[in-house]
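Chains as they are written, first to last, in the working numbering: chain A, 4 to 241; chain B, 167 to 492.
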């Protein structure tokens, strides 16, 4: 589905990604774990077309994405749940969701169906549909960001730290939603610092450190390795 | 479900009902108050509402500021004047043809400038406005230069010409009401939603599949045509045009209108125009200081009520009421 070959990205003199290769197969949840500054967000942005790679290739399906504008990538079935959610704060929840359906253009019936599905996944959004997005809690905003992505009927969803700053209860709700996306055949590339929660739901994972992939494999097997545990279990293991 | 609730659900129906009621009220004004000099002023309000509505679409919906609405008002006015007075076309036809010129120029500017960040539009359109003013002043053979152009035929169709203020009033207000309805419907459409998303300035907009530059250019063209139609209506009402018709000062006055009426309220644009027209009319004694008064007021409003005077006052009143209730 998605394949990166030797992808490098630099911001001025600072190189954020140094020749990263990875593959996401259809129907998988692939985790991208690493600490702050490891390059997770840069990788997601490069896939979405929001930063320009200095070298390497990005393929989606059979299409080379490097020359495609972000809006073309949306048309190819890619949706993004960006870092910090990036909602349209002044607009209503419903407006935000309908903007996600933009690529479906005039198919009102399909949009109404998708809206009903998103509301079923996150009933809270239905209750708040006419509220301005900026007035909602962090967890609700994250639900909205995911809902907005789903409104485009994507094949692949790129998620950048959906659990950041959320209470554990909300995190498990969000991760439950990601598992349900996989059940509906949606492929997910999930960048996360929260390795413990992420590796439990992911099929495979890549560990990113200082812009390089240092480990990869089945998610649960990676979780068993001492290094990953030490890196991400927190204080007492380090 | 009550009638109000139904109307709120369908924005097109709601807009049509509101504008319809408004137009009926406007059409009754001469019946109730009779004819008089005030009608002249009301016609100017109908005309000037168009560039104001156009700018409100651009800045209120899409968050872009242009200083070219005076220039496009002038192009609409001179274009239609030249096509009707010199080429002998009917005023309706010349009004429409002049809009093609407006649209082509606006599309050209938009395609180049709107790929860049928003403040470039203000700078580029300011330069454009200066160029248009110079061309009008210097192209004497066509525009009459500083003397302007006289003898522009009044608005009319099939040999009927509007000749009194009442007739102009009954021709121009329905046009303005229709344009207002178009603007309101555009704002509550899918396109309007995309434009509001663009206004929020998030790069993520393009990841939703929205062609940001295309939308911005589109709304700039529509917005400019509003100004162009206003200019043509002006020319065929007043009967003459001069370089002052679409000067930069005029463009700034239109911005002033939005500062009073609210930058993101289409109805506010109408109220702002009415306020400015009344001010211009009854503050004639201060004519020498007009620019200073306008400038200082604009700065004060922007500092105290960045969304515009009218919305600012409404918010203030609401907060007072809440504070008193608490």
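Built from N, CA and C at the ideal position, the CB exists for glycine as well.
Check                                                                                                                                                                                   : Outcome
Do residue 36/A and residue 163/A count as a contact pair if the criterion is CB distance below 7 Å?                                                                                    : no
For residue 388/B and residue 233/B, what's the separation of their Cα atoms in angstroms?                                                                                              : 15 Å
Could you work out which residues of chain B lie near residue 98/A, taking near to mean beta carbons separated by less than 7 Å?                                                        : 359
Per DSSP, what kind of secondary structure is residue 71/A in: helix, strand or coil?                                                                                                   : coil
Which whole runs of the beta strand (DSSP E) in the stretch 23-50 of chain A are 3 residues long or more, in chain order?                                                               : 32-36
Assuming residue 154/A and residue 117/A make a contact with CB atoms under 8 Å, what is their CB distance in whole Å?                                                                  : 5 Å
Using Cβ-Cβ distances below 7 Å, what residues of the stretch 370-401 of chain B are close to chain A?                                                                                  : 370, 372, 373, 374, 375, 376, 377
Report the residues of the stretch 321-335 of chain B with a CB closer than 9 Å to any CB of chain A, ordered along the chain.                                                          : none
Out of 199/B, 276/B, 327/B, which one is the CA nearest neighbour of residue 402/B?                                                                                                     : 327/B
Quick check: is the beta carbon of residue 353/B nearer than 7 Å to any beta carbon in chain A?                                                                                         : no
CB-CB under 8 Å to residue 406/B, same chain, minus the five flanking residues each way: which ones, in chain order?                                                                    : 314, 315, 316, 317, 318
Measure the C-alpha to C-alpha separation of residue 231/A and residue 225/A and round it to an integer number of angstroms.                                                            : 7 Å
Go ahead and pull the three-state DSSP assignment for residue 443/B.                                                                                                                    : helix
Where does the unbroken beta strand (DSSP E) through residue 122/B begin, and where does it stop?                                                                                       : Since the first and last residues shown for chain B are 167 and 492, residue 122/B lies out of range.
Ends of the alpha helix (DSSP H) at residue 137/A?                                                                                                                                      : Neither: residue 137/A is in no alpha helix (DSSP H) and is coded neither H nor E.
Under 9 Å Cβ-Cβ, which residues of chain A neighbour residue 303/B?                                                                                                                     : Per Cβ cutoff of 9 Å: no residues; residue 303/B is ~42 Å from chain A at best.
Give me the Cα-Cα distance between residue 223/A and residue 45/A, rounded to the nearest whole angstrom.                                                                               : 25 Å
Taking contact to mean 3 or more Cβ pairs, one atom from each stretch, closer than 8 Å, check whether the stretch 348-364 of chain B and the stretch 373-392 of chain B are in contact. : yes
Going along chain B, which residues have a C-beta under 7 Å from residue 101/A?                                                                                                         : 359
Please state whether DSSP places residue 182/B in a helix, a strand or coil.                                                                                                            : helix
Count the C-beta pairs between the stretch 117-137 of chain A and the stretch 65-80 of chain A that are closer than 8 Å, then say yes if the count reaches three, no if not.            : no
At 4 residues or longer, what runs of the alpha helix (DSSP H) sit wholly inside the stretch 301-360 of chain B?                                                                        : 306-309, 331-353
Any idea what DSSP makes of residue 187/A, helix, strand or coil?                                                                                                                       : coil
When you compare the CB positions of residue 96/A and residue 128/A, do they come within less than 7 Å of one another, or not?                                                          : yes
CB-CB under 8 Å to residue 240/A, same chain, minus the five flanking residues each way: which ones, in chain order?                                                                    : Because the pLDDT at residue 240/A is just 35, under 50, the model does not fix this residue reliably, and the value given afterwards should be weighed accordingly. Hits under 8 Å: 232, 233.
Using a Cβ-Cβ cutoff of 8 Å, what residues of the stretch 54-76 of chain A are near chain B? List them in chain order.                                                                  : 72, 73, 74, 76
With burial defined as no fewer than 16 other Cβ atoms inside 10 Å of the residue's Cβ, what is the status of residue 228/A: buried or exposed?                                         : exposed
How long is the line joining the alpha carbons of residue 58/A and residue 161/A, rounded to whole angstroms?                                                                           : 21 Å
Taking just the CA atoms, how far does residue 475/B sit from residue 231/B?                                                                                                            : 18 Å
Any idea which residues DSSP pairs residue 66/A with across the strands?                                                                                                                : 63/A
Rank 9/A, 27/A, 28/A by C-alpha distance to the C-alpha of residue 20/A and give the top, closest one.                                                                                  : 9/A
Looking at residue 239/B: is its Cβ nearer than 7 Å to the Cβ of residue 396/B?                                                                                                         : yes
Starting from the N-terminal side, write out each stretch of the alpha helix (DSSP H) that is 4 residues or longer and does not extend beyond the stretch 381-432 of chain B.           : 414-427
Examine chain A for any beta-carbon lying closer than 7 Å to the beta-carbon of residue 484/B, and answer yes or no.                                                                    : no
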